[in-house]
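Engineer: Below are the structure tokens for one structure; questions will follow.
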Amino acid sequence: MRLSIGIGRKSGYYSRTLRRLRLFQMTTTPQDLNDRGLKATLPRLRIIRLFENSRNCHMTAEDVYRCLKEDDLDIGLATIYRVLTQFEQAGLLLRHHFESDKAVYEINRGHHHDHIVCLHCGKVEEFFDAEIEKRQNEIAQGKNFEVVDHALCLYGYCATGDCVERRRAEAEENNDIG
Ligand SMILES: [Zn+2]
Ligand SMILES: [Zn+2]
Numbered sequence: 000m001r002l003s004i005g006i007g008r009k010s011g012y013y014s015r016t017l018r019r020l021r022l023f024q025m026t027t028t029p030q031d032l033n034d035r036g037l038k039a040t041l042p043r044l045r046i047i048r049l050f051e052n053s054r055n056c057h058m059t060a061e062d063v064y065r066c067l068k069e070d071d072l073d074i075g076l077a078t079i080y081r082v083l084t085q086f087e088q089a090g091l092l093l094r095h096h097f098e099s100d101k102a103v104y105e106i107n108r109g110h111h112h113d114h115i116v117c118l119h120c121g122k123v124e125e126f127f128d129a130e131i132e133k134r135q136n137e138i139a140q141g142k143n144f145e146v147v148d149h150a151l152c153l154y155g156y157c158a159t160g161d162c163v164e165r166r167r168a169e170a171e172e173n174n175d176i177g
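In numbering that gives the first Met the number 0, the protein residues as written are 0 to 177.
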């Protein structure tokens, strides 16, 4: 059995490039799970596939629960927590603790990036800036450190239509109460 990935465009250079990339970054097979000492159970396969296929690639356990439920798969939250922890320990997922107390997970594609998070709706965007990376290393060197890892996260408010509207409505509501 091989898991499929949910990308629509199938022809031309794009898909050829994608196929090549997929070899080392996309589809996790049942064998991949076995190789990491994890039996390829339905919950595990569905959860890893969700991360691989989802547009929203940064998800909490609750997000995972909701998405699977929408797909008519009722996996308990306790199981989801356990699987996410196993996947993180196996190096398949990365875990972040952004501004909230809830852990956010994403597929570990093996390439470094930083994040910007909306404090209101939780939207997460990724970025990579060579200049920032370089400056961080220079600063560390200046302090006699050798950097082995770093996490940079910017916090703010996104300008997505929904989020701005909701923020405004909530502010007005609060003003009424106050
Ligand atoms: Zn937002
Ligand atoms: Zn990310």
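Heads up, the beta-carbon is just placed ideally off N, CA and C, and yes, glycines get one too.
The structure displayed is predicted, hence computed values, not measured ones.
1. Around the Cβ of A168, are there at least 16 other Cβ atoms within 10 angstroms (buried) or fewer (exposed)?
2. By the three-class DSSP mapping on this structure, what secondary structure does R166 have?
3. For I79, which residues in the same chain have their Cβ closer than 6 Å to its Cβ, ignoring the five residues on either side in sequence?
4. So the alpha helix (DSSP H) C120 belongs to, where does it begin and stop?
5. Please classify Y104: is it buried, with 16 or more other beta-carbons within 10 angstroms of its beta-carbon, or exposed?
6. Inspect the CB distances between the stretch 45-54 and the stretch 114-129 and report whether three or more fall short of 8 Å.
7. Should E105 be listed as close to ligand 2, given that the test is whether its C-beta is under 7 Å from any heavy atom?
8. Nearest-angstrom Cα distance between N143 and T27?
9. Distance, Cα to Cα, E182 vs E164?
10. How close, in whole Å, do the beta carbons of C162 and H110 come, if the pair is a contact with beta carbons under 8 Å?
11. Helix, strand or coil: which one does DSSP assign to R108?
12. Can you tell which of E130, E145, Q135, G121 has the C-alpha that lies nearest to the C-alpha of Y154?
13. Is DSSP giving E125 helix, strand or coil here?
14. Out of A39, V123, R35, D148, state which residue places its alpha-carbon closest to the alpha-carbon of E98.
15. By a C-beta neighbour count over all protein chains shown, 10 Å radius and 16 as the cutoff for buried, is E137 buried or exposed?
Structural biologist: Working from what's here:
1. exposed
2. helix
3. A60, V63, Y64
4. Neither: C120 is in no alpha helix (DSSP H) and is coded neither H nor E.
5. buried
6. no
7. yes
8. 40 Å
9. Outside the shown range of the chain (0 to 177) lies residue 182, about which nothing can therefore be said.
10. About 28 Å; that fails the 8 Å criterion.
11. coil
12. G121
13. strand
14. V123
15. exposed
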